[in-house]
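Working notes for the structure below.
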Amino acid sequence: MIDEKIEITLDVEVMGANLKKFRKAKGLSREEFADRIGVSSRIIADYEDGFKKPSLPTFYKISVILGVSMDSILRKA
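The UniProt record's numbering numbers the first residue of the sequence shown as 1 and each following residue consecutively.
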C-alpha cells in the first residue's frame, strides 16, 4: 500500500476574488452568505481576502450555494 501525501497549492487570492464576484452576482451579502454556509461573516471576509481557505466540505457547500463549479471558483480569469 502506498501512503503518499498529496499537497494541492491554491492561489487563495484568486479563490477569494472569485468567491466575492460570485457572491455579489447572486446578490448575497457576506452575512446572508455566511448564514447559508454556517460560518461567521468574518470567516467569509477571511476567505474573500485570501487569509483563510475553506475546508473541502465547506468549499463544496459554497459551490452549491453559489451555483458554480468548484473549479470555476479556483480558476484564474
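For each residue, glycine too, the CB sits at the ideal point set by N, CA and C.
Reduced DSSP category for P57 - H, G, I as helix; E, B as strand; rest coil: Counted from its first residue, the sequence shown places residue 57 at position 57. P57: helix per DSSP, three-state reduction.
Reduced DSSP secondary structure (H/G/I, E/B, other) of V64: Looking up residue 64 in the sequence shown gives position 64. DSSP places V64 in the helix class (H, G or I) of the three-state scheme.
Counted within 10 angstroms of its Cβ, other Cβ atoms place A77 as buried (16 or more) or exposed: Here residue 77 refers to the residue found at position 77 of the sequence shown. Flag for A77 reads exposed.
Nearest to V12 (by Cα), restricted to the options I37, V39, S40 and P54: Within the sequence shown, numbered from 1, the residue matching residue 12 stands at position 12. Nearest C-alpha to V12: P54.
Residue environment, E16, which counts as buried when at least 16 other CB atoms sit within 10 Å: Counting from one through the sequence shown, the residue named residue 16 turns up at place 16. Reading off the sequence, residue 16 comes out as Gly, not Glu. Classification of G16: buried, given that the 10 Å Cβ count is 16 or more.
Residues near E31 by beta carbon distance below 7 Å, same chain, minus five either side: Indexing the sequence shown from 1 puts residue 31 at position 31. Here the set comprises S41.
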